[in-house]
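Worksheet: the structure to be examined is printed underneath.
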Amino acid sequence: MSDVLTTPEGRRIAYDRVEGAGPGVVFLGGFRSDKEGTKALALEDWARATGRAFLRFDYSGHGSSSGDFLDGSIGDWFEDARAAILSLSEGPQILVGSSMGGWIALLLARERPEKVAGLVTVAAAPDFTEDGMWAEFTPEQRRTLKEEGQVALPSDYSDEPYIITGHLIEEGRGRLVLRSPLTLPFPVRMLQGTADADVPVSVALKLLDHAEGEDIRLTLVKGADHRFSTPDCLKLILLSVQKIAARYADA
């Protein structure tokens, strides 16, 4: 059974933690995903096998944490991640951000660079509420969002549609990371599938071009989709984490 952290904002965040050596690894999940996903569990298995500290958690409104998903926003989930990392980890951490978790990781790196030993992004989706949702809404969808406060989008991962709220879109505009300088002064390994139907390769290339740092690399995997959870993809995630841990130890 997961433990629970109460954040400074009063939200109850479910988490699982493995004690071990540093730098620890923190998994940051995606939009409407949870800490029980394939990538999170593969990382935990690796951490246990190698004696590495590890943390996975559910944002508010996700998985086993408190709150209603429709009340949430990028800022809320960033605050959840910040509280979890500051309260439940020691020293700099290797952040592994999947999809929206990549955006959350970049927000953490911008505000708390001293807590980041390195960053691995998997199909990172920075600024997706603006560039991947609002920019692609039809005039009718924008009107519905304004008049009704929400709009339903079809999902490839569930029979239930995604409900997108006006609050999510509007609050996200204060969290954008691709409109101002983004310095990443630690090893960054970006992983991206060429068959990703949710986050196109162009997003990874834009982030690569925009971010500033001396050790930023992008790996494209031909044919990999947004889940990035095949055995080979999981091995690549683990290898990326291991290489960052080794570089940190040698620094």
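If you count the sequence shown from 1, position 221 lands on 411 in the working numbering, and the numbers rise without skipping. Note that CB positions come from ideal geometry on N, CA and C, so glycine has one too.
**Message:** With a threshold of 6 Å on Cβ separation, who are the neighbours of Q340 within its own chain once the five nearest residues in sequence on each side are excluded?
**Reply:** I353, T355
**Prompt:** Are the Cβ atoms of I284 and P213 separated by less than 7 Å?
**Reply:** yes
**Item:** 7 Å Cβ shell around R300 - same chain, five flanking residues per side excluded
**Value:** V367, L372
**Sub-7 Å separation of R379 and V286 beta-carbons** = no
**Per-residue DSSP class, three states only, for Y352** = strand
**Request:** Please look up how many angstroms separate the CB atoms of K225 and R246, rounded, as I've assumed it's under 8 Å.
**Result:** 4 Å
**Item:** Spatial neighbours of E361 in its chain, beta-carbon cut-off 7 Å, leaving aside the 5 residues before and after
**Value:** S263, I264, G265
**Request:** Determine the DSSP secondary structure at L366, reduced to helix, strand or coil.
**Result:** coil
**Request:** Measure the alpha-carbon distance for G292 versus E337 and round it to whole angstroms.
**Result:** 31 Å
**Request:** Within the same chain, show all residues whose beta-carbon is closer than 8 Å to that of L444, passing over the 5 residues directly before and after it, in chain order.
**Result:** The structure shown has nothing for residue 444, since the chain only spans 191 to 441.
**Request:** Give the single residue among G227, V393, R363, L358 whose Cα lies nearest to the Cα of S254.
**Result:** Ranking G227, V393, R363, L358 by Cα distance to S254 puts G227 first.
**For L410, three-class secondary structure by DSSP** = strand
**Item:** Runs of beta strand (DSSP E) wholly within the stretch 213 to 266 (minimum 3 residues, chain order)
**Value:** 242 to 247
**Request:** Can you give me the start and stop residues for the alpha helix (DSSP H) that T334 sits inside?
**Result:** 329 to 338
**Asked** Can you find a C-beta in chain B that's less than 7 Å from the C-beta of E337?
**Response** In summary, chain B is missing from the structure at hand, where a single protein chain is found.
**Request:** Count the other C-beta atoms from every protein chain shown that fall within 10 angstroms of the C-beta of L374, then say buried if there are 16 or more, exposed otherwise.
**Result:** buried
**Prompt:** When DSSP labels each residue in this structure, what does D317 get in the three-state scheme?
**Reply:** coil
**Prompt:** From P138 to L335, what does the alpha carbon distance come to, in whole angstroms?
**Reply:** Since the first residue shown for the chain is 191 and the last is 441, residue 138 is missing from the structure and cannot be characterised.
**Prompt:** Just the Cα atoms here: how many angstroms apart are L408 and P303?
**Reply:** 20 Å
**Asked** Roughly how many angstroms lie between the CA atoms of E350 and A273, to the nearest whole one?
**Response** 30 Å
**Message:** Is the separation between the beta-carbon of I434 and that of G257 shorter than 7 Å?
**Reply:** no
**Message:** Within the continuous alpha helix (DSSP H) that includes A295, where are the two ends?
**Reply:** Run containing A295: 290 to 301, per the alpha helix (DSSP H) assignment.
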